[in-house]
Structures are given as structure tokens and as C-alpha cells.
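A.B. asks:
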Amino acid sequence: MIEILVFFFGILFAASLLIAAVVSLTEREHRAASRFLWMFFAVVIVYALPVVFSDSFVSHAVAAFTAFWLLVLMVAFIPFNKFKIKGWEKPSERIDERTIMFSRNLLKPDTKKFLSYYREYPEHLEPDNVFRKNPGLLSEESKYYRPDTFHAAVSAFELIESFHDLAEGEPAAKKVEVDSDEITTFLESWSRKLGVYSFGVTHLEDYHKYSIVGRGADYGRKVSLDHQNAIAITTEMDHEMVSFAPQGPIVMESARQYVNSGVIALKLAVYIRSLGYEARAHIDGNYRVVCPLVAKDAGLGEIGRMGLLMTPSLGPR
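Following this note's numbering, the numbering of the sequence shown begins with 1093 at its first residue and continues without gaps.
(1) Taking only runs that begin and end inside the region 1310 to 1377, name each unbroken beta strand (DSSP E) of 3 or more residues, in chain order.
(2) Report the three-state DSSP secondary structure of D1202 (helix, strand or coil).
(3) Pull up the CB-CB distance for T1326 and A1373, whole angstroms please, since I reckon it's below 8 Å.
(4) According to the neighbour-count rule (16 or more other Cβ atoms, all chains shown, within 10 Å of its Cβ), is L1104 buried or exposed?
(5) Check G1292 in the structure and name its three-state DSSP category.
(6) Confirm, please, whether the CB-CB distance from G1391 to G1292 is below 8 Å.
(7) State the DSSP-derived secondary structure class of I1275, mapped to helix, strand or coil.
(8) For the alpha helix (DSSP H) that I1252 lies in, which residues bound it at each end?
(9) Just the C-alpha distance for G1393 and E1328, rounded to the nearest angstrom, thanks.
(10) Since K1388 is in the alpha helix (DSSP H), which residue starts that stretch and which ends it?
(11) Around the Cβ of Q1320, are there at least 16 other Cβ atoms within 10 angstroms (buried) or fewer (exposed)?
(12) Please classify T1241: is it buried, with 16 or more other beta-carbons within 10 angstroms of its beta-carbon, or exposed?
(13) Based on DSSP bridge pairs, tell me the residues matched to D1188.
(14) Roughly how many angstroms separate the alpha carbons of S1234 and D1376, rounded to a whole number?
(15) Is there contact between the region 1280 to 1287 and the region 1304 to 1312, where contact requires at least three CB pairs shorter than 8 Å?
(16) Is it the case that the Cβ atoms of R1365 and L1317 are separated by a distance below 8 Å?
(17) Could you check if K1182 is buried or exposed, using at least 16 other CB atoms within 10 Å of its CB as the buried criterion?
(18) Is the Cβ-Cβ distance between P1263 and Y1369 less than 8 Å?
(19) Tell me the DSSP bridge mates of I1395?
(20) Below 8 Å on the Cβ atoms is my guess for R1190 versus I1304; work out the distance and round it to an integer in Å.
(21) Could you give the DSSP three-state label for G1407: helix, strand or coil?
(22) I'd like the list of long-range same chain contacts for D1227, defined as Cβ closer than 7 Å, with 5 residues on each side in sequence excluded.
(23) Using a threshold of 8 Å, state whether the C-beta atoms of D1188 and Y1350 are closer than that.
(24) At which residues does the alpha helix (DSSP H) containing D1085 begin and terminate?
(25) So, are the CB atoms of G1340 and I1192 less than 8 Å apart?
(26) Could you please give the first and the last residue of the uninterrupted alpha helix (DSSP H) stretch that includes N1221?
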């Protein structure tokens, strides 16, 4: 009986690997697809060996299955990190913020912005029209709508929108001379007291900056930002709230952390300006930089397949 179960489990396992390979190919993840295919053929070969060398397939299924997993364990200890793997490549040009989905979703049909945008990017019109047929993220028509959780998220997003005018400001007339290492250490320590999970600093590169503003009153204007350095921070999304995805609690938690991180960024920017130095807070809906790119170069994580920052301990949370 056990041998029969192992046999059928092997078939199920092989089928799962093949499906994973096909899905990876459709997602253009060729490296993952090749590994799934390698494992699929390994399972097929291991299970086929008893057929070739024995009259009884089932009687040797357990032995073959055990041999396969021993092989997997051996492969697991091969130091793949020593092989040269093509890494993340820096963008070759700046991103137009108008092209991101958050910006395109705000376009109202037949308005001046709408017509102007799709004259410049006609290839986006058809997929965007399909997208607009679906209920919005916080719409009452959305599948998991609940008035309590959804309105909690809406209120948080409305709150952070009221912060937009605070993102920029003139530095104090009198500049305080500070040691760059000491002030950076202070900012990191203070940030963690304020609730920051990770903190990093990087030189502000040209590809970090959007080319054109895609939201707010400055829509359509060229991004002009000559700051030399950037501070990147992360705050942690609660694991329990995230586990409710795609229901309301995850939207609540996302909105809550947009507010928390935004408030901290504003505090840091106001503080730096009080010392006589220029600073701008980049908060939800009021960006001039691509935050994941800045955070990646600040050492806080890597860019994931979905284009978001993947952190070492929290993943995309």
C-alpha cells in the first residue's frame, strides 16, 4: 500500500513540476523554468529505472523515490552562488511617472489629460480600457468590499494626501555645520525610534528620478531634483493583516504604513531643512523618485519580479 502511495505521489509531483515549468515560461522566467524542467526529467528518469531493470515497478518505487531525494539533497549543497549569474541591471533611462498604473488609473476619459496621454502612448489605450472595466481597488463594487475596512483605508489615503504640501520647503537661512557621519548616525537612530524597520543612504542617481511628474498639481512637468544624496526607509506591514489578502485588512495595513512612513519622511525632511539644508520627502502620491530603486541602491533589498522592493527579512512587507 505504501509503495502504491509513493508511486502516485511521484506522478503528482512530476506533474506539479511540469506545470510550474510551463507557468514560469509564460511569465518569461526562463531560469526558473529550466530548473523545474530539470527536476521534472529527474523524477521521470528515477521512476522509470525500475521499469527497465526490474520486473516489478511498484516494488522498487520507494527505493527509487528515496534515491531521487538523496540526489536533490546533494544538488542543494552545490555552491550555485559561485557561478556567474546575470544580476539586476540599472535602468538605461528615466521613467515617466505618467506611465505607471497608479497615474494612468487617475485619467478620466475624454479629458484633456486623457486625450493628451494616449496620443503620446497609444499602445496603452486598449489594455487600460480593459483595466477600467474592473472595479477600483477601494470600490464598493469590488469583490471583497466591506464598509469598515475599506473606509479605514480610504481615510488613511485621504490623510496622507493632505501632507503633500509639506513635502517641500525652504531650508533655514542659517546653515548649521554638521559632520556627515555623525548626522547620518543620528538620523538612523532617531528614525528607528520613530518606527523605521530599515534605514539606508545612497548617492542620488539620475535613473532614480522620474522624468515627468505623473500625479498631483505638477502633472506633466519635468522633474527637477538636484539633491546629491537620498535616504531610504522601510516600515513593517503587520504579518497578520497581510495574511488576509486580498480582503480588506491588507488594504488597511498598506494605507496605515503609507501614513506612518510618510509622517517619518516628513519629520526627517523638516529636520534637515531646519539645519539649513535642502530636503524633500517623497510620500504616497507625491513622488519625484522611484522609491524601490533608491531603496535598492541604499542596501535595503532587491527589486522583485513584481517591481517592488524585496527585503531580506520581510520580503515585500
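Glycine included, every Cβ here is placed at the ideal spot set by N, Cα and C. Keep in mind that this is a model prediction, so the values were computed, not measured.
C.D. replies: This is what the structure gives:
(1) 1321 to 1326
(2) coil
(3) Wrong, their Cβ atoms sit about 15 Å apart, outside the cutoff.
(4) exposed
(5) strand
(6) yes
(7) helix
(8) P1239 to E1253
(9) 14 Å
(10) C1383 to D1389
(11) exposed
(12) buried
(13) I1304
(14) 22 Å
(15) no
(16) no
(17) exposed
(18) yes
(19) L1401
(20) 6 Å
(21) strand
(22) Looking at the sequence itself, residue 1227 is Pro, so the reference to Asp does not match. Here the set comprises E1233 and S1234.
(23) no
(24) No statement about residue 1085 is possible, as the shown extent of the chain runs from 1093 to 1409 and does not include it.
(25) no
(26) L1217 to R1224
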